[in-house]
Amino acid sequence: MPEDSRNAIEFRDVVLTFGPQVILDGVSFVVRPGETKILMGGSGTGKSTTLKLVLGLLKPDSGQILVDGEDVTHYKESQMMKVRQKIGMVFQDGALFDSLSVYQNVGYRLAEQGADEEEIEETVQRTLRFVNLEQAISKMPSELSGGMRRRVGIARALVGSPKIILYDEPTAGLDPPTARTICELAMKLRDLEGVSSIFVTHRIQDATSLAREHATIDDNGELAIVKNTRPEQNASTQFIVLRSGKIIFEGDGEALWSSTDPFIQKFLE
Amino acid sequence: MLVARSFRGLTQRPVYVRETVTQMDIIGVGTLPITLLAGFFIGAVLALQTAKTLQSFGAQNFTGRLVATSLVRELGPVLTAILLAGRSGSGITAELGSMKVSEQIDAMRALGTDPIRKLVMPRMMALLLMAPVLTVFGDLVGVFGGWVIATTLLKLPTSVYLSSVHEALNYNDIFGGLLKPTVFGLIVAIVGCRSGLRTTGGTVGVGRSTTQSVVVSILLILISDFFLTKLVIALSSTP
Ligand SMILES: Nc1ncnc2c1ncn2[C@@H]1O[C@H](COP(=O)(O)OP(=O)(O)O)[C@@H](O)[C@H]1O
Ligand SMILES: [Mg+2]
Numbered sequence: 000m001p002e003d004s005r006n007a008i009e010f011r012d013v014v015l016t017f018g019p020q021v022i023l024d025g026v027s028f029v030v031r032p033g034e035t036k037i038l039m040g041g042s043g044t045g046k047s048t049t050l051k052l053v054l055g056l057l058k059p060d061s062g063q064i065l066v067d068g069e070d071v072t073h074y075k076e077s078q079m080m081k082v083r084q085k086i087g088m089v090f091q092d093g094a095l096f097d098s099l100s101v102y103q104n105v106g107y108r109l110a111e112q113g114a115d116e117e118e119i120e121e122t123v124q125r126t127l128r129f130v131n132l133e134q135a136i137s138k139m140p141s142e143l144s145g146g147m148r149r150r151v152g153i154a155r156a157l158v159g160s161p162k163i164i165l166y167d168e169p170t171a172g173l174d175p176p177t178a179r180t181i182c183e184l185a186m187k188l189r190d191l192e193g194v195s196s197i198f199v200t201h202r203i204q205d206a207t208s209l210a211r212e213h214a215t216i217d218d219n220g221e222l223a224i225v226k227n228t229r230p231e232q233n234a235s236t237q238f239i240v241l242r243s244g245k246i247i248f249e250g251d252g253e254a255l256w257s258s259t260d261p262f263i264q265k266f267l268e
Numbered sequence: 000m001l002v003a004r005s006f007r008g009l010t011q012r013p014v015y016v017r018e019t020v021t022q023m024d025i026i027g028v029g030t031l032p033i034t035l036l037a038g039f040f041i042g043a044v045l046a047l048q049t050a051k052t053l054q055s056f057g058a059q060n061f062t063g064r065l066v067a068t069s070l071v072r073e074l075g076p077v078l079t080a081i082l083l084a085g086r087s088g089s090g091i092t093a094e095l096g097s098m099k100v101s102e103q104i105d106a107m108r109a110l111g112t113d114p115i116r117k118l119v120m121p122r123m124m125a126l127l128l129m130a131p132v133l134t135v136f137g138d139l140v141g142v143f144g145g146w147v148i149a150t151t152l153l154k155l156p157t158s159v160y161l162s163s164v165h166e167a168l169n170y171n172d173i174f175g176g177l178l179k180p181t182v183f184g185l186i187v188a189i190v191g192c193r194s195g196l197r198t199t200g201g202t203v204g205v206g207r208s209t210t211q212s213v214v215v216s217i218l219l220i221l222i223s224d225f226f227l228t229k230l231v232i233a234l235s236s237t238p
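Which chain is which? The protein sequence lines are X and Y, in order. Start counting the first sequence at 0; every next residue gets the next number (numbering that gives the first Met the number 0). Start counting the second sequence at 0; every next residue gets the next number (numbering that gives the first Met the number 0).
See the structure below:
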């Protein structure tokens with residue numbers, strides 16, 4: 000099967016320390032094209048840090064980081080700017096620019112690139128429609144609810160159609176229906192747009208939905224979220240569990256649920 | 000480091016002109032009222048104090064001279080800079096600090112913007128330009144404040160006061176009076192931005208860096224004032 004051989008993201012033996020604290024202690028993994036890697040682990044285990052390493056917001060002490068087949072480990076900030084165009088990041092709590100409106104937040108990347116107003120407006124409207132927030136276009140971030148902020152954050156990450164999306168706990172602190180909406184967005188991007196991603200989450204419901212369901216266009220041409228029926232449909236979602244700087248589990252959903260490791264058992268409860 | 004990167008930023012695109020103008024507005028126009036108010040009363044107090052001393056020598060005609068030199072050489076630049084540190088420097092640190100702890104700085108970089116160029120540069124330019132301008136306004140109003148006291152309470156004729164002011168100021172005073180606020184503006188900008196961008200530890204951290212920013216700026220202003228004064232004196236004594 001001839002497949003795009005360039006991995007979306009690859010970590011090779013990455014070590015990261017903050018002073019005496021070892022956060023990542025030789026972490027290696029691969030995110031294949033079109034794959035969603037669900038990254039789990041207790042709080043403070045270095046999940047956000049891992050995403051920041053992909054973006055080059057932090058640099059590892061040793062090891063290599065590859066993005067879209069390119070070794071970006073030693074890239075300077077100016078070189079990293081080009082790599083970042085391929086990546087959309089959904090920050091924990093949104094990290095919306097609170098001095099800018101929803102419109103300006105979502106259109107930020109285009110505006111910075113000097114796109115004309117017409118193009119920005121068209122893209123912002125289309126992207127907000129995708130996350131179902133057209134009515135909020137002229138609001139300020141302080142007027143939004145938690146779920147809306149996350150969705151604006153997702154919309155902002157989607158502008159420029161990045162092939163890689165990093166989600167940092169996009170469902171944390173949200174009510175179940177809103178969290179579900181966000182997981183469905185991630186499925187749409189994974190299954191219909193071919194986006195590769197790392198999805199950090201604590202919620203086991205997110206993991207179950209992403210691993211066992213997929214988005215498709217049904218016979219009426221409508222978007223539908225359906226249960227996976229064939230094993231290869233499960234393959235697009237893989238799991239990593241981090242603990243004390245090491246990866247203690249790597250594999251697909253079924254392997255995770257049937258894991259006998261007591262720590263993972265406790266985690267899945 | 001921050002300075003070097005900021006000036007390098009000037010030569011590269013994009014240059015954020017709109018942000019710079021906004022900051023000049025916030026910093027310049029925003030700080031003008033307190034600068035004027037402070038300047039007026041400092042000038043008035045100077046006139047009161049010096050006139051008393053001068054009177055015992057029968058030299059109250061020199062009131063204008065003392066008011067003007069004190070203001071232009073020392074009090075104008077230093078007090079304006081301290082007001083800027085308290086008002087704009089703290090504001091800059093609080094704003095950048097909140098952006099840092101809420102990951103907005105990271106988000107900016109993730110979206111392809113250099114925060115040094117987008118956030119630091121405009122604030123630095125604005126302070127560099129507005130600090131001398133505000134100081135000049137402060138000086139002028141101070142001289143006016145001194146005049147009000149001199150003519151009303153001390154019954155000095157306006158012409159005596161003004162010619163005394165005029166005699167007092169030489170080229171070196173003006174040069175020093177503009178050099179100092181430029182350096183002080185740079186100090187407030189660098190300390191303010193640096194403290195903001197280095198903030199960690201949530202909202203508590205923002206409070207901590209804001210306090211620290213004001214304290215460090217004021218100390219650096221007072222220390223550098225000493226050396227700048229020495230420099231100006233050294234320059235003025237060379238023929
Ligand atoms: N800039 C930093 N400086 C020092 N320590 C940090 C920094 N960022 C994160 N840490 C520490 O690294 C650890 C991992 O953080 P993080 O990746 O945010 O964890 P999480 O898995 O909850 O997302 C935490 O213990 C945190 O205190
Ligand atoms: Mg985190």
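A virtual CB, placed ideally from N, CA and C, is assigned to each residue, including glycine.
Glu166(Y) carries a helical assignment under DSSP once its states are collapsed to helix, strand and coil.
What Glu111(X) touches in chain Y, judged by beta-carbon distance under 8 Å, is Pro13, Leu110, Gly111, Thr112, going in chain order. Remark: the C-beta of Asp167(X) is in contact range of ligand 2, defined as less than 7 Å to any heavy atom. Excluding the 5 residues flanking it on each side, Pro59(X) has same chain C-beta neighbours closer than 8 Å at Val13, Val14, Leu15, Leu23, Leu52, Thr72, in chain order. Counting along the chain, Ile136(X) sits inside no beta strand (DSSP E), nor does DSSP assign it H or E at all. A distance below 6 Å between beta-carbons, with the five flanking residues on each side excluded, links Pro169(X) to the following residues of its chain, in chain order: Val89, Arg149, Ile181. Gly137(Y) is positioned such that its CB atom lies closer than 8 Å to that of Gly75(Y).
The continuous alpha helix (DSSP H) containing Val135(Y) extends over residues 120 to 151.
Residues whose Cβ lies closer than 5 Å to any heavy atom of ligand 1, listed in chain order: Phe17(X), Ile22(X), Ser42(X), Gly43(X), Thr44(X), Gly45(X), Lys46(X), Ser47(X), Thr48(X). Under the three-state reduction of DSSP output, Ser195(X) falls in the strand class.
Contact check for Ile220(Y) against Val77(Y) passes: the beta carbons are separated by less than 8 Å. At least one heavy atom of ligand 2 is found less than 7 Å from the C-beta of Gln91(X). Inter-segment contact for the stretch 61 to 71 of chain Y and the stretch 151 to 163 of chain Y is present: three or more beta-carbon pairs are separated by less than 8 Å. Judged by DSSP in its simplified three-state form, Leu165(X) adopts strand. Here DSSP, grouped into helix, strand and coil, assigns Thr200(X) to coil. In this structure, the beta-carbon distance from Gly145(X) to Gly172(X) falls below 8 Å. Around the Cβ of Ala135(X), a 10 Å sphere holds 16 or more other Cβ atoms; the residue is buried.
Excluding its 5 nearest sequence neighbours in each direction, Lys85(X) has C-beta neighbours in its own chain below 8 Å: Val66, Asp67, Pro161, Lys162, Ile163, listed in chain order. Among the residues facing chain X, Ser236(Y) is not included, as its CB has no counterpart in that chain under 8 Å away. One Cα belongs to Glu111(X), the other to Gly42(Y), and the distance between them is close to 47 Å.
For Phe226(Y), the enclosing alpha helix (DSSP H) begins and ends at 201 to 236.
Cβ contact annotation for Gly204(Y) (same chain, cutoff 8 Å, sequence separation greater than five): Gly96, Val100, Thr198, in chain order. Judged by DSSP in its simplified three-state form, Glu183(X) adopts helix. The three-state reading of DSSP puts Gly88(Y) in helix, counting H, G and I together. Under the Cβ criterion of 8 Å, Ala94(X) is counted among the residues facing chain Y.
Between the stretch 78 to 98 of chain Y and the stretch 175 to 192 of chain Y there are three or more inter-stretch CB-CB distances shorter than 8 Å, so the stretches are counted as touching. Under the 10 Å beta carbon count, Phe262(X) is surrounded by fewer than 16 other beta carbons and is classified as exposed. Under a criterion of Cβ atoms nearer than 7 Å, the residues of chain Y adjacent to Gln84(X) are, in order, Gly111. Each of Glu73(Y), Arg86(Y), Leu168(Y), Thr112(Y) was checked against the Cα of Lys81(X), and the nearest Cα belongs to Thr112(Y). The beta carbons of Gln22(Y) and Ala130(Y) sit about 12 Å from each other, so the pair does not count as a contact at 8 Å. Here Ser137(X) has Ser100, Val101, Tyr102 as same chain residues with Cβ atoms under 8 Å from its own Cβ, once five neighbours each way along the sequence are excluded.
Within the stretch 51 to 84 of chain X, those residues whose Cβ lies closer than 9 Å to any Cβ of chain Y are, in chain order, Lys51, Leu54, Gly55, Leu56, Glu76, Ser77, Met79, Met80, Lys81, Arg83, Gln84. The beta carbon of Gly206(Y) sits closer than 7 Å to no other beta carbon from its chain once the five residues preceding and following it are set aside. Residue environment analysis places Ala254(X) among the exposed positions, since fewer than 16 neighbouring C-beta atoms fall within 10 angstroms of its C-beta. Between the alpha carbons of Gln78(X) and Ile64(X) lies a gap of roughly 14 Å. Pairing Thr236(X) with Ile37(X) gives a Cβ-Cβ distance under 8 Å.
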